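Chains as they are written, first to last, in this note's numbering: chain U, 988 to 1736; chain W, 988 to 1736.
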């Protein structure tokens, strides 16, 4: 154990490498599977090409953005003592790894889809194995890269800024500087996530609506017909939105949660065996454990017979990874944290005790982690209830479809609004409970606990769209009934996991934002965020409004981007003779490029709001008003995210219910009935709600928080300059002076 | 002037009486006007009977509620030193006057409608005179009763609690007690407003939808056909929702604003000629002035020729009252407030200076009042822009109607979300500006300034539905083309004033809530509401969620209440033979009763949320968490109110635009075209948005704040009991000890 004690920080990236090794193994296994006959491979080849076309176009734009942002960051890093131009390097690493994780996910998803279809020709068990293994490649890739990236950079910055300062006794200010620079990694990851999630959301719905409007309505050809130039874009969109978008979102949450917990961990006075930095290392260790146990849990996901429940297999794997991680975390917490009192300090220089920050124990820290696990699980369950077929909310919308389009819409909106209640109560109880357990460090370690099994969560999430695509390929390739029956089985489970995944993503974004918020307050060096002060209250109002304008822009963008797609498809039908007679192939990649460009262009305005508003507010009105604004954004963003995602999910499943037929007041209704038409209206309204504006709320609240955290040292410098009478008052209420013990990594016990 | 100085508090209710005298004169003038021929009077008689039936049913339920609440208040008044059982008397007075004001408005509206129709047979000028005079009766009645009620009770409580304590030197604690008891008046008014606004909103839409579903769809008879038992309920609904609901809403805002400013005024240290209570008296004096100048402004509202602009006449009257009030207020502020420094104190016992509370001057106070006037005007203008025909937002929805129901809905939702941006920025700037001018007292006096001309605002608001009803009566009585042309002219202006009135109502509710919020913090005796503390942040989340569940319940309630109406209409068609042949009269009053009962039953759940949540949260988690929750409710409620009201208004006018024909991509579309059908879907979705859930946000945020203010002394008592180490810290930061000068009403200068 001595070796472990002394070299723990080096073991963190090693756990990430283990994840990547397993990922490579699984990836090569998937690639080796049979990809089926000519029609199937051609189809999946087009989708894979389209996905690459999207990534290339995205990367081109992003490279400019990353370059400009990195220069600005490098310059700003020179302006305050607590930062460094090296932050630009972190930023570039974060951006690169986030983009790379998206690439891995997209590539495996476009390979696994057709191989799942082919596997479904033999058995359900084999189809599940291929599709879920594809999902685990994504899950392990995202989590592995995040841990390697953050862990390695931490080692570098720790060595440069902290360790080499006078050997064994370490200045806490230096650790603050190391973490400030590390925040750039999270900013890079979250910026790329913005493009992936919002751009991807606009892309998938623009392609979907555009393909339908010209293909089905104008040209009179069926959905997913190969003659439609936009059909590949439509299929690419599913991967872009559901796979890459979700992956980037969770990559961002995962990194941001660890980072925020590390920043708060620096402020925990701990007499531990790691020279006082155990609370800083803990979130990364927990993430590493979660990754390892996600690999173990994934091994449980298998079925033997055709009649076995796929959902049950996924649940067993999920619970296995959660329970094993929870047990292992208990021993790690006991091992790493000291048996005596822990408490929050402002910083070791002033020693001001944070008001309301309680003393706590290592058992309290473990309690907070358990709270986080429970919150994540409950949020997923509630989301499933509000969007599942056969439950009260969806049944209500079905009933209201019988009186027309308007009542269907009213029903869905009411369900969406109602669906905010339980998740908010769970979240509030989680905040309250984790704070009770271990103060503000508890709130952020709860988020870390919840995110620990991200690899497993993401594996299950990515399995859904792979199964969905596999079903589409089976349908288009006219494979036998039994094949489609098997892929339908997987697809149905995929719909449920998509809903629960969204609940988990929102919960993680909310807790991550709160952790970042708490870290921001500490780094900005403010005592309170007092909404009794009118300017702070004004900030709260402005913050609350931002998710509304962001949603409005995202929803409108889908409309405009769909129109651009419609024009391109019309042009191809007009200018390329022979498409309709299968004699000429449509220029799929042009539609893909149009959709990509439109989506990236359309997401600039909402993206800029998220990036620039905190900077303007922070430097104009100071950190406390910015804090008020962040709180407003977070509360309003979580509410709007839940409202829109759940309304959209409920509308979708209300429409899907008509496929098997539904009973309203004793009468049966099927597809093409009047109530079904009304339900299609609801589903169309719900599309941008659940796939564009709703999920982009996650990125919005996280990105605004991480931008604030990155600029916090600059705002703090401003505060110090203008400190006058207020400073005197603060000095008087200093209750006691505390010094964090030396930051040295050598064993004591 | 000596006489004025010494007796100012007695002049306040006198100004209210002047308003009531003018109201009586105008009311008797309207009643004397010709009510037209037999068909017209019969029709309006049914509407008037229906309105009374609603009021009777409402009062029956409300009398139980008022009795129970009064007993609870009287009991709770005995439990803490700073309150008194007399608060129950205030409560009953507030409830009674609010109900009485609703009665006045409803009665005059049901008289003025038919008389406007008759007047429109001669000239537009005469029709405007009758309808606007009807509106002023409502406006003057609401404002007059509010000032008389609050002013008289203040005299009583001032005499009982403050003046007779040892003659000239007065204890500030006694003033606190007088104002605590006075808060019951505002609670009573706002509770009745909840029933009027929410119940009325459910009523009007239930009757509307119910009448349409059975009448137009099932029985195949036209809209507003006398054979439809629900048609009277439908017409009553317009008065119940738009007249009585809006009146009760503004009555509540008007009273609450004055009260909150008085509570904060007590905490302003002022060496004025009124023995230091000028800041307490000022809001009532400003309200009195605004009432007087509303009477003056109303005299400007007239036209001479058929071609004169009705909107211009209303604008001239509105601006006259605002400008005159602004000028008069300047001199009153100079006269009442001292030339030297003013500042906020915590209370005269501890003398703790509130953190962030700036010192200010009487010019600052005047500046804050001007800020309030500007905020109200801008909010009205922005609302008009987002809901007016021919402007970008509505034109966008029209264009999106061409591609179907779903895109129409998406367009309206995007417009509604976008419409929150400018009002929130105006509001935030208003909060910031008024705070800059005069601290927290500035925020509340800004609200008082904005509400000063409530009488005029409400006159213009009530004119709208009267003109609307007049047009309906003209249509149903088949009067000549020129009559309908005149009432259409008035109705079109009424649509605009309805939109601007909603903007004003939301702005007033927002500022009122903030003023109440500030008053609550003072009375509850807390130093900060620090959202950096996790429990407070949890409160913020829960508060933000409440407007969502409230809206969901209100929207769903409309659906259920409409179903109850449908069943009653079906029963009458079935059980009363001869209705369809005009041989038997339908039992209109039964439909009215059904709708009334359904609406009152359906509003219990949302109403209880508003009333009980602050009590539970306050007593369980303490005043600071309650403060966080109130902030969440206010921010989220204002956003949801703007979103829903403006989306509904925009959908409505997009639909109305088709009546004259609209051009989409070079093609003209009229009624019954496919895009028109899509616009009808949007309008139906918008109905509960703009007339039920949207406006009820106003009441929600005010009522939760006033409930919190009423329970604040009880929470403060709890704080005092548990004060320990925290109290010691507070003592140390006491910067200086201040004593408010004696509360005596005799002249010094």
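Every residue gets a Cβ at the ideal spot worked out from N, C-alpha and C, and that includes glycine. All values reported here derive from a predicted model rather than from experimental measurement.
For the 7 Å CB-CB criterion, residue 1640 of chain U and residue 1374 of chain U form a contact. Listed in chain order, the non-local C-beta contacts of residue 1366 of chain U below 8 Å within the same chain comprise 1410, 1413, 1414, 1490, 1491, 1493, 1494, local neighbours out to five positions each way being set aside. Across the structure, residue 1266 of chain U and residue 1357 of chain U are spaced so that their CA atoms are roughly 16 Å apart. Interface annotation, residue 1515 of chain U: in contact with chain W, CB-CB separation under 7 Å. Note on the segment 1578-1647 of chain U: there is no whole beta strand (DSSP E) run with a minimum of 3 residues.
Contact between residue 1442 of chain W and residue 1278 of chain W is confirmed by a C-beta separation of about 5 Å, below the 8 Å threshold. Note on geometry: alpha-carbon atoms of residue 1165 of chain W and residue 1053 of chain W lie some 21 Å from one another. At a cut-off of 7 Å, the C-beta of residue 1654 of chain W has no neighbouring C-beta in chain U. Across the set U/1699, U/1322, U/1254, the C-alpha of U/1322 shows the shortest separation from the C-alpha of residue 1272 of chain U. Closest option to residue 1593 of chain W, judged by alpha-carbon separation, among W/1632, W/1539, W/1547, W/1626: W/1539. 1531, 1532, 1535, 1536, 1538, 1539, 1542, 1543, 1546: these are the residues of the segment 1530-1547 of chain U whose beta carbon lies less than 7 Å from some beta carbon of chain W, given in chain order. Cα atoms of residue 1621 of chain W and residue 1497 of chain W: separation of roughly 7 Å, rounded to the nearest angstrom. Residue pairing by DSSP puts residue 1517 of chain W in a beta bridge opposite U/1517. Counting C-beta pairs closer than 8 Å gives three or more between the segment 1435-1452 of chain W and the segment 1114-1123 of chain W, which meets the contact rule. Contact check for residue 1178 of chain U and residue 1056 of chain U: beta-carbon distance about 7 Å, within the 8 Å limit, so the pair qualifies. Using a CB distance cut-off of 7 Å, residue 1661 of chain U does not count as an interface residue toward chain W. When only Cα atoms are considered, residue 1557 of chain W and residue 1014 of chain W end up about 39 Å apart. If you ignore the 5 residues before and after residue 1619 of chain U, its C-beta comes within less than 8 Å of the C-beta of 1526, 1527, 1528, 1529, 1530, 1531, 1532, 1533, all in its own chain and listed in chain order. In the three-state reduction of the DSSP assignment, residue 1073 of chain W falls in the coil class. Annotated three-state conformation of residue 1676 of chain W is helix, per DSSP.
Apart from the 5 residues on each side of it in sequence, residue 1030 of chain U sits with its Cβ closer than 8 Å to the Cβ of 1101, 1213, 1460, 1463, 1464 in its chain, given in chain order.
Neighbours of residue 1392 of chain W across chain U, judged by C-beta separation under 7 Å: 1392, 1668. Taken atom to atom, the span from the alpha-carbon of residue 1136 of chain W to that of residue 1091 of chain W is near 16 Å.
Taking C-beta atoms as the reference points, residue 1255 of chain W and residue 1428 of chain W count as a pair closer than 7 Å. When C-beta atoms of the segment 1675-1692 of chain U are compared with those of the segment 1170-1186 of chain U, three or more pairs fall below 8 Å, so the two segments count as touching. Shown here, residue 1376 of chain U sits in coil according to DSSP, grouped into three states, outside any helix or strand. Distance from residue 1586 of chain W to residue 1089 of chain W at the Cβ level is roughly 14 Å; contact not present, criterion being Cβ atoms closer than 8 Å.
Bounds of the alpha helix (DSSP H) holding residue 1405 of chain W are 1392-1405. Residue 1696 of chain U carries a helical assignment under DSSP once its states are collapsed to helix, strand and coil.
For residue 1655 of chain W, the enclosing beta strand (DSSP E) begins and ends at 1654-1656. For a Cβ distance threshold of 7 Å, nothing in chain U lies close to residue 1254 of chain W: the least Cβ distance comes to about 13 Å. Membership of residue 1651 of chain U in the beta strand (DSSP E) is indicated by the continuous run 1649-1651. Counting along the chain, residue 1466 of chain W sits inside no alpha helix (DSSP H), nor does DSSP assign it H or E at all.
Residue 1255 of chain W sits in a strand when the DSSP states are folded into three classes. DSSP, reduced to helix, strand and coil, places residue 1331 of chain W within a strand of the structure shown. Within the same chain, Cβ atoms closer than 6 Å to the Cβ of residue 1582 of chain W are found at 1190, 1193, 1194, 1220, 1552, the five residues on either side in sequence being excluded.
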